[in-house]
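Enquirer: At position 172 of the sequence shown (counting the first as 1) the number is 172 in the working numbering, and the numbers step up by one without a gap.
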Amino acid sequence: MSDMVHTPDEMMTIAASRALKNDDVCFVGIGAPSAACNVARLTHAPDITLIYESGTIGTAPDVLPLSIGDGELCDTAVTTVAVPEMFRYWLQGGRITIGFLGAAQLDRFGNINTTVIGDYANPKTRLPGGGGAPEIAGSSREIFITMKQSLRGMVEKIDFFTSFGHGEGGDHRQRLGIETQGPTLLITDLAIWRPDPETKEFTVVSIHPGVTREDVQATCGWTVKFADRIEETPPPTDLELKTLRDLKARTKAAHQGQPDPGKAA
1 MSDMVHTPDE MMTIAASRAL KNDDVCFVGI GAPSAACNVA RLTHAPDITL
51 IYESGTIGTA PDVLPLSIGD GELCDTAVTT VAVPEMFRYW LQGGRITIGF
101 LGAAQLDRFG NINTTVIGDY ANPKTRLPGG GGAPEIAGSS REIFITMKQS
151 LRGMVEKIDF FTSFGHGEGG DHRQRLGIET QGPTLLITDL AIWRPDPETK
201 EFTVVSIHPG VTREDVQATC GWTVKFADRI EETPPPTDLE LKTLRDLKAR
251 TKAAHQGQPD PGKAA
């Protein structure tokens with residue numbers, strides 16, 4: 001436990017990092033998933049293999065990448081392969097244990113939209129798009145999702161299916177011939193969710209410190225289901241918080257062209 005005050009965003013990132021194991025081979029999304037995966041690598045999972053979409057394998061960035069094309073990823077990787085090899089041999093070959101994704105919109109079955117808000121032909125907002133996320137969602141053995149809760153983001157019906165989760169729920173993946181598990185974990189800034197074994201609807205299993213059930217429901221666009229037994233997420237430790245904050249400080253300094261704050265001038 002930490003004496004340091006933490007933010008909901010920090011709790012989300014650290015809770016997500018804890019879900020990763022030392023022997024995982026993780027396909028990392030940019031943004032919140034990248035922060036979580038690198039905190040795991042810098043704390044309890046030093047041997048985790050982080051893979052980014054640009055073909056970098058076993059990367060160990062000192063700062064968080066701006067994009068999959070950030071040179072930091074290639075500089076620190078064990079090796080870099082061509083993108084077609086990354087997807088065909090590594091991802092579709094079943095070698096990725098965890099795909100770690102973010103979402104602009106998410107429904108209760110873990111289906112993700114990162115394409116458009118509104119009508120596809122005349123959208124209110126054009127989002128970054130799917131990139132490799134649809135393939136990651138289909139071919140990784142299981143999928144972890146991390147995102148901040150909001151009525152705008154967690155919706156009854158997503159505007160566009162970018163990355164397939166559990167579809168309509170139940171055995172929808174199996175009926176389509178998809179053999180991987182799909183989304184098995186959702187970590188938000190308020191709670192930890194897991195899919196119901198039968199319906200596959202995300203269900204709250206743990207609530208972060210200081211958060212109420214009412215808080216969780218107020219920022220979710222569907223009627224939330226809570227597990228019979230709900231735990232409280234352990235708060236961040238001093239080591240976890242310091243690791244995350246140091247990583248964020250190094251990243252900010254690097255992206256502003258400043259010297260590493262952790263190194264003497």
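Think of the CB as a built atom: it goes at the ideal place given N, C-alpha and C, for glycine as much as any other residue. Since the model is a prediction, treat every value here as computed from it, not as a measurement.
1. Per DSSP, what are the beta-bridge partners of Cys-26 in this structure?
2. Please identify the residue among Glu-168, Thr-79, Val-205, Asp-107 whose C-alpha is closest to the C-alpha of Ser-150.
3. Quick one: what does DSSP say Ala-16 is sitting in, helix, strand or coil?
4. Do the CB positions of Ile-143 and Ala-15 come within less than 8 Å of each other?
5. Between the C-alpha atoms of His-6 and Leu-244, what's the straight-line distance to the nearest angstrom?
6. So, for Leu-20: in the same chain, excluding its five sequence neighbours on each side, which residues have a beta-carbon less than 7 Å away from its beta-carbon?
7. To the nearest angstrom, report how far apart Val-204 and Pro-195 are at their CA atoms.
8. Use the C-beta contact count for His-166: other C-beta atoms within 10 angstroms, 16 or more gives buried, fewer gives exposed.
9. Within 10 angstroms of its Cβ, does Ala-264 collect 16 or more other Cβ (buried), or is it exposed?
10. Go to Ser-206, then tell me how far its beta strand (DSSP E) extends in each direction, as first and last residue.
11. Express the C-alpha separation of Gly-177 and Thr-237 in angstroms, rounding to a whole number.
12. Assuming Leu-50 and Thr-59 are in contact, meaning their beta carbons sit under 8 Å apart, how far apart are those beta carbons, in whole angstroms?
13. Let me confirm a value: Asn-122 is counted as buried when at least 16 other C-beta atoms fall within 10 Å, else exposed. Which label applies?
14. My guess is that Ile-96 and Ala-77 are in contact by the Cβ rule of under 8 Å, so how many angstroms apart are they, rounded?
15. Does the Cβ of Gly-113 have 16 or more other Cβ atoms within 10 Å, making it buried, or fewer, making it exposed?
16. When the Cα atoms are used, what is the spatial distance from Ala-104 to Tyr-89?
17. Taking the straight line between their C-alpha atoms, what separation do you get for Pro-128 and Met-147?
18. Whole angstroms is fine: what's the gap from Gly-118's alpha carbon to Leu-239's?
19. If contacts are defined as beta-carbon pairs under 8 Å, then Leu-185 and His-208 qualify, I think. What distance do you get, rounded to the angstrom?
20. Which residues in the same chain as Asp-24 place their Cβ atom closer than 6 Å to its Cβ, once the five residues preceding and following it in sequence are excluded?
21. Quick check: the Cα distance between Gly-110 and Glu-201, rounded to an integer number of angstroms?
22. Within 10 Å of its beta-carbon, does Tyr-120 have 16 or more other beta-carbons around it, so buried, or fewer, so exposed?
23. If you draw a straight line from the alpha carbon of Arg-141 to that of Val-81, how long is it in whole angstroms?
24. Got a sec, what are the start and stop residues for the alpha helix (DSSP H) Pro-267 sits in?
Expert: So, to answer that:
1. Answer is Leu-50, Ile-98, bridged to Cys-26.
2. Closest by C-alpha distance to Ser-150, out of Glu-168, Thr-79, Val-205, Asp-107, is Asp-107.
3. helix
4. no
5. 11 Å
6. Cys-26, Cys-37, Ala-40, Ala-45, Ile-48, Ile-98
7. 9 Å
8. buried
9. Caution applies to Ala-264, whose pLDDT of 44 falls short of 50 and renders its modelled position unreliable; the value that the coordinates give is listed next. By the 10 Å Cβ count, Ala-264 comes out exposed.
10. For Ser-206, the uninterrupted beta strand (DSSP E) run begins and ends at 202 to 207, by DSSP.
11. 42 Å
12. 5 Å
13. Looking at its Cβ environment, which holds fewer than 16 other Cβ atoms inside 10 Å, Asn-122 is exposed.
14. Not really, about 16 Å apart at Cβ, beyond 8 Å.
15. Here residue 113 turns out to be Asn, not Gly, going by the sequence shown. Looking at its Cβ environment, which holds 16 or more other Cβ atoms inside 10 Å, Asn-113 is buried.
16. 28 Å
17. 16 Å
18. 42 Å
19. Rounded, the Cβ-Cβ distance is 15 Å, inconsistent with contact.
20. Result list for Asp-24: Ile-48, Thr-97, Ile-98, in chain order.
21. 8 Å
22. Classification for Tyr-120: exposed.
23. 21 Å
24. A question about residue 267 goes unanswered here, because the residues of the chain that appear run from 1 up to 265.
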